[in-house]
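For reference, each letter of the sequence shown is one residue, going 1 to 82 in UniProt numbering.
For every residue, glycine included, the Cβ atom is placed at its ideal position computed from N, Cα and C.
Predicted model only: the values in this text are computed from it and were never measured.
Data block below; observations after.
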Amino acid sequence: MDSQLKRGILNICILQLLKQEDRYGYDIIKILQGLFPDTDESTIYAILRRLNKGGLTEVYYSEKSLGPQRKYYKIVEKGNYI
Numbered sequence: 001m002d003s004q005l006k007r008g009i010l011n012i013c014i015l016q017l018l019k020q021e022d023r024y025g026y027d028i029i030k031i032l033q034g035l036f037p038d039t040d041e042s043t044i045y046a047i048l049r050r051l052n053k054g055g056l057t058e059v060y061y062s063e064k065s066l067g068p069q070r071k072y073y074k075i076v077e078k079g080n081y082i
């Protein structure tokens with residue numbers, strides 16, 4: 001599959017996942033690697049950063065967990081129209 005096409009599909013998949021509920025990066029990676037096994041974690045994190053920078057998502061951190069705080073991604077209104 002063409003890499004540009006794959007990135008576009010991953011963008012849409014991530015936004016659809018975030019429409020269902022807020023998710024942290026590792027959760028998104030595990031779901032997408034089940035659908036696209038040859039996708040690297042770094043590719044997904046780069047897309048998450050780009051969606052955030054583009055104003056389609058927001059980031060917040062979990063209150064408390066047993067380990068380090070988790071970075072959650074949340075879709076914003078602008079992201080719902082993609």
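- Rounded to whole angstroms, Arg-7 and Gln-69 show a C-alpha spacing of 28 Å.
- Per DSSP, the beta-bridge partners of Tyr-61 are Lys-71.
- Rounded to whole angstroms, the gap between the alpha carbons of Glu-77 and Gly-67 is 31 Å.
- When Cβ pairs closer than 8 Å are counted between the two stretches, the segment 44 to 58 is seen to touch the segment 10 to 24, the count reaching three or more.
- In terms of CA proximity to Tyr-24, Arg-49 leads the group Asn-80, Gly-79, Arg-49 and Leu-5.
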